[in-house]
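Everything below concerns the one structure shown next.
Residue numbers (the working numbering): 581 to 888.
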């Protein structure tokens, strides 16, 4: 449903995209991750026809983003980082206004607004001014506005920035419902937990190109199947603990947390052996356990590697 091949885009001496590739299947949520300045917003602007690439090819819903830009716009919705709703208008008036801007006609715009208010659980607040909505309600209204034309693809650019955990969870439920109804979602986010929770597939972009792609589990697997973590009570014995764990792999020390972490293959054998040797050395371990790598660790490892 979304396809990009070798996209490049430069702004003066700055290269924003440098051979960007992407494939997103229909009806899925796909996460686009990357540090600030990695090229995420530039990629979204090209895919939504707001910007032309210097070279390369991009298609959305089967239409070329440059040669068939009008057809692409007819099939997509875009929700930017900042809410686009008018806080002086009610929720219903906002949606009707967006419908009229999309040439739906008065009756059709009203019917579509009513349908979306119900879908996004905003019916009771429909006739209150949007300025009195909570952050989560305003964001849901913004998402509803992006769906006013029932698009096949919707682009969400950091949709939960600035929201509290409760409001963020409300938006997450809404995004999941979009994919369940068959809408293809491209989500850019800097919240790794958000990508882990929502995305069927992920692409990590750095310095204008995708440096890794796959499911969350596939990307985590790049750092090893599991990590053995040991938290010592005495920070002076952190180095000794790291030396002890070198038999399993290259340990990583975190002095602030008094933590040593090392990738392991056989979780049961590693945990048993490490616990025995720590006890034999007389090291007082506050905690010891085995866990999967986090998406945060994957992200840091991939982007640090890309920078070298």
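All residues carry an ideal CB built from backbone N, CA and C; glycine is no exception.
For residue 639, the enclosing beta strand (DSSP E) begins and ends at 635-640. Of the residues 732, 853, 743, the one whose Cα lies closest to the Cα of residue 714 is 743. Put simply, the backbone Cα of residue 783 is about 24 Å away from that of residue 719.
Taken in chain order, the complete beta strand (DSSP E) segments of 3 residues or longer contained in the segment 696-747 are 733-737. In the displayed model, residue 760 falls within a helix according to three-state DSSP. Below 8 Å, too few C-beta pairs join the segment 781-801 and the segment 813-825 to call them touching: fewer than three. At least 9 Å separates the beta-carbon of residue 772 from that of residue 852.
Between residue 764 and residue 581, the gap from beta carbon to beta carbon is short of 9 Å.
Within 10 angstroms of the beta-carbon of residue 672 lie 16 or more other beta-carbons, which makes it buried.
Short of 7 Å from the beta carbon of residue 800, and not among the five residues preceding or following it, lie these beta carbons of its own chain, in chain order: 872, 873, 875, 878. For residue 598, the uninterrupted beta strand (DSSP E) segment begins and ends at 594-604.
Under the 10 Å beta carbon count, residue 705 is surrounded by 16 or more other beta carbons and is classified as buried. A distance of 9 Å or more separates the beta carbons of residue 691 and residue 677. Comparing alpha-carbon positions, the option among 754, 595, 806 lying closest to residue 723 turns out to be 754. The Cβ atoms of residue 842 and residue 829 lie closer than 9 Å to each other. Taking 9 Å as the cut-off, the Cβ atoms of residue 637 and residue 583 count as close. Using a Cβ distance threshold of 9 Å, residue 733 and residue 656 count as a contacting pair.
In terms of Cβ geometry, residue 814 and residue 863 form a close pair [threshold 9 Å]. Along the length of the segment 771-801, whole beta strand (DSSP E) runs at least 3 residues long occupy 781-786, 789-794, reported in chain order. Contact annotation, residue 659 with residue 739: C-beta distance approximately 6 Å; criterion of less than 8 Å satisfied. The Cβ atoms of residue 812 and residue 860 lie no closer than 9 Å to each other. Residues 728, 729 of the same chain have their beta carbon placed closer than 7 Å to that of residue 682, with the five preceding and five following residues left out of the count.
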